[in-house]
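Undergrad:
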Amino acid sequence: MRLRNSIAFRISLIVMLLFSAVFMFIQATAMDYTVPLSRVIFLPISMYGVTMAAFVSVFVGTDFSDGFIRNKLLVTDRRSTLVLSQIIVNSVACVTVYCTVTAFSAGVGRFFFENNVNNADLILYFLWGIGMCLSTGCMFSVISILCGNKTHAVIVCMGLAFGMLFLCMHTNAVLVQQEYKDGVLNPHYTGGIKRIIYGILHDANPCGQAAQLSAWEVWNPVRGFLINLLMIFIWPALGCGVFQRKDIK
Amino acid sequence: MEYVLKTNALCKTYRSFHALNGVTMNVPKGSIYGFVGKNGAGKTTLIRLICGLHYPTSGDYTLYGTKNSDGTIARTRRRMSAVVETPSFYGDMNAVDNIKMQYTILGLSSYDDTDDLLKLARLNDTGKKKAKHFSLGMKQRLGIAMALCGNPDFLILDEPTNGLDPQGIVEIRELILRLNQERKITVLISSHILDELSKLATHYGFIDKGKIIKEMSSDELDSACQKCVRLSVTDTTVLSGVLDDMRLEYKVIDNAECDIYAKPNITELALAMAKENCEILSVQERNQSLESFFLSLVGDEER
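Those protein sequences? They're chains E and C, same order as listed. For reference, each letter of the first sequence is one residue, going 1 to 249 in our numbering. For reference, each letter of the second sequence is one residue, going 1001 to 1303 in our numbering.
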């Protein structure tokens, strides 16, 4: 009920739709070549992490700032129930925003861009993106709950979101380097264990996953899927464990 | 006597600060228990422990016979409700939606009592007005109305009249009295507006520096705060005899002082004392208010 009426949720949805519209406009007008549809479907998802960080921290933080968390703690059998319910609600919100924006980009983009999208690839990437949404929702929900304060939650989540964005730019810059450039060994190419580590960092970072989606190039979908699965279990377990003994103001 | 809440040497320490230092208190069923203490005495800390917001460092408490370490304490806690520090509600929702939200988290599907609760709290004409735009008194009443969802047996109110105007204070007082008398709800109120508490409470617990100094019923407090005339004399034995003859109620404090709980005729008393060669050294009228009684309690502790 609170999600349905939440202004923060509506604003985050509108913002993401605006990103989609603006990105499509830029791609349609600024390029001097025909832009393929695959370029724009997941392009707004590059800003997904920051937008969802803002929404989740405000939505969860309101429970603390308005004091309603005290009412919930008084009636709940176990604190873990509270944590899990917050995670579920926020994950649903994150997935809803993702689905709406993707449907909007795909639906509107068909009329303005060259349709080069293979439906099987679209479905695979879309489902891969759902995993990204769920891990994003879990992470920011737990962080916001453990902050225990709306202002702290917003600062920490937004800081983390921007940090992840910059990290993703760095790891992406490293991973896109080809081994050979114009037939010559690329000195900027990173190989071996270091490449694997960068790859894992890139996949573990929701912004890194978003970057891969927006480029229509998921390098290691299995690894990404497994990492998302791990995040979906680790974050709630961490949240439930730490929140269990936390003193709530 | 049946007790709703019993605490046993409850302690709470934050780093090196002892917020509660062995609190032992008992809240009788059906009472309005006034929890009195200065700012920082530990009232809100104790309430947070009982509500499960914080965990005790040591000691324990029993709620309706269930110990806090028992796995079923969370279920027992559903029989109580609380307004801790400030009323808890969503500012962007109106009164009706807030109460429905409270019913939802209680797991109750029926919103039938919503109108009754709003009427009880005199918020039935607020319409779609958001709670954040309510006056302070309205916010307090909304907090209490939400606390009454699910018909709790035990209500904890942490300084419910803070910041209210005189009319607001009267409204809250009447509401609490109605809840206690009509719905038989046991109420624990913490406050430092002592005169206001004296119009409500049936039992008192005085707390200072994290310790319970004294627990007493309102009758015992009335006796302790009774109006009297304190006489300082050279021989209280003689004075006792004179007062017995005059059929006046009195209490001998020590071998030099005596409190008389009546208005004696001073001339008659002085003449009677003079006949027995007993001097009256001083006469003092005493009218101990709850505040001065509390300050004297705290002062004794500090000494």
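Cβ atoms here follow ideal geometry from the backbone N, Cα and C, with glycine treated the same way. Bear in mind the structure is a predicted one, so any value in this text is a computation, not a measurement.
Taking the C-alpha atoms as reference points, what is the distance between Leu1005/C and Asp1113/C?
TA: Approximately 27 Å between the Cα atoms of the pair.
Undergrad: Between Gln1140/C and chain E, is any beta-carbon pair separated by less than 8 Å?
TA: Not an interface residue.
Undergrad: Once DSSP output is grouped into helix, strand and coil, what is the label at Ile1189/C?
TA: Correct three-state label for Ile1189/C: strand.
Undergrad: I need the straight-line Cα distance from Leu1297/C to Arg4/E, nearest angstrom please.
TA: C-alpha separation (whole angstroms): 54 Å.
Undergrad: Would you tell me roughly how many angstroms separate the C-alpha atoms of Val83/E and Cys1225/C, rounded to the nearest one?
TA: Taking the straight line joining both Cα atoms gives about 50 Å.
Undergrad: In chain order, what residues of the same chain have a beta carbon less than 6 Å from the beta carbon of Val222/E, not counting five sequence neighbours either side?
TA: Answer for Val222/E: no residue qualifies.
Undergrad: If contacts are defined as beta-carbon pairs under 8 Å, then Asn1098/C and Met1146/C qualify, I think. What distance do you get, rounded to the angstrom?
TA: Confirmed, about 6 Å.
Undergrad: To the nearest angstrom, report how far apart Phe1294/C and Glu1196/C are at their CA atoms.
TA: Their backbone Cα atoms lie some 14 Å apart in a straight line.
Undergrad: Counting C-beta neighbours from all protein chains within 10 Å, is the total for Glu1220/C 16 or more, i.e. buried, or is it exposed?
TA: Exposed is the call here.
Undergrad: Ordered along the chain, which non-local residues of its own chain (more than five positions away) have a Cβ less than 8 Å from that of Ile1212/C?
TA: Excluding positions up to five away in sequence, the list reads Val1023, Thr1024, Met1025, Gly1205 and Phe1206.
Undergrad: Leaving out five residues on either side along the sequence, give the residues of the same chain with a beta carbon under 6 Å from the beta carbon of Leu1239/C.
TA: Val1233 and Cys1258, listed in sequence order.
Undergrad: Could you check if Asn1039/C is buried or exposed, using at least 16 other CB atoms within 10 Å of its CB as the buried criterion?
TA: Flag for Asn1039/C reads exposed.
Undergrad: Would you identify the three-state DSSP class for Arg1303/C, choosing helix, strand or coil?
TA: Note that Arg1303/C scores a pLDDT of 45, beneath 50, so its modelled location is shaky; the value from the coordinates is reported in the next line. DSSP places Arg1303/C in coil when its eight states are reduced to three.
Undergrad: Do Thr1013/C and Thr1066/C come within 8 Å of each other at the CB atom, strictly closer than that value?
TA: Not closer than 8 Å, so no.
Undergrad: Fully enclosed by the segment 1196-1272 of chain C, which beta strand (DSSP E) runs are 3 residues long or longer?
TA: Entirely contained in the segment 1196-1272 of chain C, the beta strand (DSSP E) runs reaching 3 residues are, in chain order, 1203-1208, 1211-1217, 1227-1233, 1250-1252 and 1257-1260.
Undergrad: I'd like the list of long-range same chain contacts for Asp1304/C, defined as Cβ closer than 8 Å, with 5 residues on each side in sequence excluded.
TA: With chain C represented from 1001 up to 1303, any question about residue 1304/C goes unanswered, as that position is not in the structure.
Undergrad: Going by beta carbon distance, what residues of the same chain come within less than 7 Å of Ile7/E, once the five residues before and after it are set aside?
TA: Cβ neighbours of Ile7/E beyond the five flanking positions: none.
Undergrad: Go to Asn952/C, then tell me how far its alpha helix (DSSP H) extends in each direction, as first and last residue.
TA: Any question about residue 952/C goes unanswered here, given that chain C covers just 1001 to 1303.
Undergrad: Alpha carbon to alpha carbon, what distance is there between Met169/E and Gln177/E?
TA: C-alpha separation (whole angstroms): 13 Å.
Undergrad: Look at the Cβ atom of Ile1144/C, then the Cβ atom of Thr1161/C, and state whether they are nearer than 8 Å.
TA: Not closer than 8 Å, so no.
Undergrad: By Cβ distance below 6 Å, which residues in the same chain neighbour Gln244/E in space, the five residues on each side in sequence not counted?
TA: If we look at Gln244/E and ignore the five residues flanking it on each side, its Cβ neighbours are Arg79.
Undergrad: Between Ala1262/C and Ser1218/C, what straight-line distance do the alpha-carbon atoms span, to the nearest angstrom?
TA: So the two alpha carbons sit approximately 20 Å from each other.
Undergrad: Excluding the 5 residues preceding and the 5 following Ser214/E in the sequence, name in chain order all residues of the same chain whose CB lies nearer than 7 Å to its CB.
TA: Within the same chain, Ser214/E has close Cβ partners Phe42, Leu43, Ile45 and Ser46.
Undergrad: With a threshold of 8 Å between beta-carbons, can Phe1134/C be considered close to chain E, or not?
TA: Closer than 8 Å: no.
Undergrad: Which residue from Arg1079/C, Ser1031/C, Lys1129/C and Ile1156/C puts its Cα closest to that of Lys1184/C?
TA: The candidate whose alpha carbon is nearest that of Lys1184/C is Ser1031/C.
Undergrad: Ordered along the chain, which non-local residues of its own chain (more than five positions away) have a Cβ less than 7 Å from that of Ser1282/C?
TA: Only Ser1232 meet the Cβ criterion.
Undergrad: For the alpha helix (DSSP H) containing Asn1180/C, list its first residue and its last residue.
TA: Unbroken alpha helix (DSSP H) run through Asn1180/C: Pro1166 to Glu1182.
Undergrad: Who are the neighbours of Lys72/E on chain C, taking C-beta pairs under 7 Å?
TA: Simply Ile1105.
Undergrad: In three-state terms, what does DSSP make of Leu127/E?
TA: In the structure shown, Leu127/E sits in a helix (DSSP, three-state: H, G or I).
Undergrad: Which residues in the same chain as Glu1249/C place their Cβ atom closer than 7 Å to its Cβ, once the five residues preceding and following it in sequence are excluded?
TA: Tyr1261 and Ala1262.
Undergrad: Name, in chain order, the residues that DSSP records as bridge partners for Asn1021/C.
TA: According to DSSP, Asn1021/C bridges with Cys1011/C.
Undergrad: Would you call Ile155/E buried or exposed, if buried means 16 or more other Cβ atoms sit within 10 Å of its Cβ?
TA: Exposed, by the Cβ-count rule.
Undergrad: Could you tell me the boundaries of the beta strand (DSSP E) in which Asp1158/C lies?
TA: First-last of the beta strand (DSSP E) with Asp1158/C: Phe1154 to Asp1158.
Undergrad: Which residues bound the beta strand (DSSP E) around Phe1035/C?
TA: Run containing Phe1035/C: Ile1032 to Gly1037, per the beta strand (DSSP E) assignment.
Undergrad: Which bits of chain E does Cys1011/C rub up against, with CB to CB less than 8 Å?
TA: Result: empty, since nearest Cβ-Cβ is about 14 Å, beyond 8 Å.
Undergrad: Expressed to the nearest angstrom, what Euclidean distance is found between the alpha-carbon atoms of Cys133/E and Ile232/E?
TA: Cys133/E and Ile232/E: Cα-Cα distance of roughly 10 Å.
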